[in-house]
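Student:
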Amino acid sequence: MGDYSLINKVVRVEDSKEGINYLDLVCFMYPNYELRTEFNILDGNTDIIFVGKVNSSVVKSLKENTRSFIAINNIGIQDIDMTIRDIAIKVLYDRFNKEPSDKTHTMLTSMTEYDFIKYFKSFWVLGRSKIDSVDISLWDLYCVLGKSRHGILKTYLELREVYSDSMIFGGVLSFLEKSRNLEDVVTNSGKYLRLLVDFNKSYDKLIVPIIQKVYTMECRSESDREYRTLWLLMQLGRGNMI
651 MGDYSLINKV VRVEDSKEGI NYLDLVCFMY PNYELRTEFN ILDGNTDIIF VGKVNSSVVK
711 SLKENTRSFI AINNIGIQDI DMTIRDIAIK VLYDRFNKEP SDKTHTMLTS MTEYDFIKYF
771 KSFWVLGRSK IDSVDISLWD LYCVLGKSRH GILKTYLELR EVYSDSMIFG GVLSFLEKSR
831 NLEDVVTNSG KYLRLLVDFN KSYDKLIVPI IQKVYTMECR SESDREYRTL WLLMQLGRGN
891 MI
């Protein structure tokens, strides 16, 4: 693995197009760092998250006048782009000199922003997750999508023993969106990409109507949300549930 520490690096945290802003996450990761728009020669013993204007001369000055720094820069020079999910995963696991399994990596890349940040914070502090230690993951659900409804239902119920319904729902929606927009998919997993391509071939014209229907379903309770997830999954399979 490379060096994915944010310390003494220029870091991108925001992608307005994708609705991503990880500045709060970076502050969570480094709680002893001061958030600053300015600094001077008196900051030699100070750790700073710098959110002022960044260029090469400012970075040089930060190196000379702070104990350590993280310079936030969303346009221009950057060492690490946290808005790229794969990079954010590397930043997370590099802290503990670990790498996620293929199943865990696939699950993390398909999580909603909310679920990913929740996972990120927990792992950042604990260095582990119960998800890493179980035999089943969202990967197993992706592998049965487009196949038998019975297999999909069985996998969903097994997943519910470990994952929240919202995490499963978000993961499936992410899978559908990526299958619909294959040209925008960034992944190091050839197996995951093959799943997306194969699913697209079978469900290409059905994906948009299914997603549109899901977004119109009213959910006022947990049971409503669970019904929505099951409805979605049953549209993505064939045959009987039992």
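Residues are numbered in the working numbering as their position in the sequence shown, beginning at 1, plus a constant of 650.
C-beta: ideal position from N, C-alpha, C; glycine also.
If we call anything under 8 Å between Cβ atoms a contact, is V676 one with I720?
Tutor: Cβ distance < 8 Å, so V676 and I720 count as in contact.
Student: Using alpha carbons as the reference points, say which of M732, Y806, K797, S873 lies closest to D848.
Tutor: The residue with the shortest Cα to Cα distance from D848 is K797.
Student: Any idea if V858 is buried or exposed, counting beta-carbon neighbours within 10 angstroms, 16 or more meaning buried?
Tutor: So V858 counts as exposed.
Student: Using a Cβ-Cβ cut-off of 6 Å (strictly less than) and excluding sequence neighbours within five positions of I727, which residues of its own chain qualify?
Tutor: Counting only Cβ-Cβ distances below 6 Å, and skipping sequence neighbours, we find V660.
Student: My output table needs one value for N671: the three-state DSSP class, helix, strand or coil.
Tutor: Of the three classes helix, strand and coil, the one that applies to N671 here is strand, per DSSP.
Student: When you compare each of V822, F700, S871 to G887 by their alpha carbons, which one comes out closest?
Tutor: Minimum Cα distance to G887 is reached at V822.
Student: What does V783 pair with, by DSSP beta-bridge criteria?
Tutor: Here the sequence assigns Ser to residue 783, which means Val is not the residue at that position. DSSP, once it has assigned bridges, lists no residue as partnering S783.
Student: Report the CB separation of T759 from R662 in whole angstroms; it is logged as a contact under 8 Å.
Tutor: Contact flag wrong, Cβ pair sits at about 18 Å.
Student: So, using beta-carbon positions, are R686 and I670 closer together than 8 Å?
Tutor: Not a contact, by the Cβ cut-off of 8 Å.
Student: Mapping DSSP to helix, strand and coil, what is V660?
Tutor: Strand.
Student: If we count the other Cβ atoms within 10 Å of its Cβ and call it buried at 16 or more, is I802 buried or exposed?
Tutor: Buried, because 16 or more other Cβ atoms sit within 10 Å of the Cβ of I802.
Student: For L692, count neighbouring C-beta atoms within 10 Å of its own C-beta (all shown protein chains included) and say buried if the count is 16 or more, exposed if not.
Tutor: Flag for L692 reads exposed.
Student: Which partner residues does D665 have in the DSSP bridge list?
Tutor: Bridge partners of D665: I670.
Student: Please confirm if the region 731 to 748 is in contact with the region 705 to 721, defined as three or more CB-CB distances below 8 Å between the two stretches.
Tutor: They do not touch, by the three-pair rule.
Student: If you compare alpha carbons, which of Y853, G702, E664, V741 is closest to L795?
Tutor: The residue with the shortest Cα to Cα distance from L795 is Y853.
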